[in-house]
Amino acid sequence: MDCIFCRIAEKKLPARLVYEDEFAVAFEDINPQAPVHVLVIPRKHIPTSLDLKEEDNALVGRLFQVANRIARQKGIAERGFRIVMNCNAEAGQTVFHLHIHLLGGRAMHWPPG
Ligand code: AMP
Ligand code: ZN
Numbered sequence: 619m620d621c622i623f624c625r626i627a628e629k630k631l632p633a634r635l636v637y638e639d640e641f642a643v644a645f646e647d648i649n650p651q652a653p654v655h656v657l658v659i660p661r662k663h664i665p666t667s668l669d670l671k672e673e674d675n676a677l678v679g680r681l682f683q684v685a686n687r688i689a690r691q692k693g694i695a696e697r698g699f700r701i702v703m704n705c706n707a708e709a710g711q712t713v714f715h716l717h718i719h720l721l722g723g724r725a726m727h728w729p730p731g
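To convert a position in the sequence shown, counted from 1, into this note's numbering, add 618.
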């Protein structure tokens with residue numbers, strides 16, 4: 619299996635890491651859509667949110683804790699930020715390793731495109 623986010627998590631592909639622990643890794647998006655655009659991923663390869671199992675419940679919570687931590691560190695927590703998880707083609711998912719987009723530093727539009 620050739621997954622770019624697994625390779626980033628294993629440090630076989632370079633990325634601008636902002637956080638890592640036993641379960642999660644966060645890094646700057648290569649094509650940022652906002653002044654802050656960080657991807658938070660589990661080390662475990664899970665293709666989409668549809669593939670989440672009961673046993674992954676705590677892991678999902680950890681991903682949100684990591685996103686919150688980075689939002690605070692980057693100074694966007696109080697101003698506000700957006701968390702996005704695209705699932706499958708019509709949502710625009712292009713990398714099939716679960717990831718949270720943490721976006722902030724500018725006003726967000728609603729509804730999203
Ligand atoms: P999605 O479209 O939700 O699957 O998001 C995939 C995201 O991964 C996009 O925002 C890409 O810009 C980003 N991306 C793809 N390859 C890399 C990479 N090597 N390093 C950092 N971000 C990447
Ligand atoms: Zn993967």
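All C-beta atoms, glycine included, are put in the ideal place defined by N, C-alpha and C.
{"Check": "Considering only the alpha carbon of each residue, which of I626, H663, A695 and A652 lies closest to A644?", "Outcome": "I626"}
{"Check": "Name the DSSP beta bridge partners of R700, please?", "Outcome": "L721"}
{"Check": "Taking 7 Å as the cut-off, is the beta-carbon of C705 closer than that to any non-hydrogen atom of the ligand ZN?", "Outcome": "no"}
{"Check": "Could you tell me the alpha carbon to alpha carbon distance between P730 and A709, rounded to whole angstroms?", "Outcome": "10 Å"}
{"Check": "Specify, as a first and last residue, the run of the beta strand (DSSP E) that V643 falls within.", "Outcome": "A642 to E646"}
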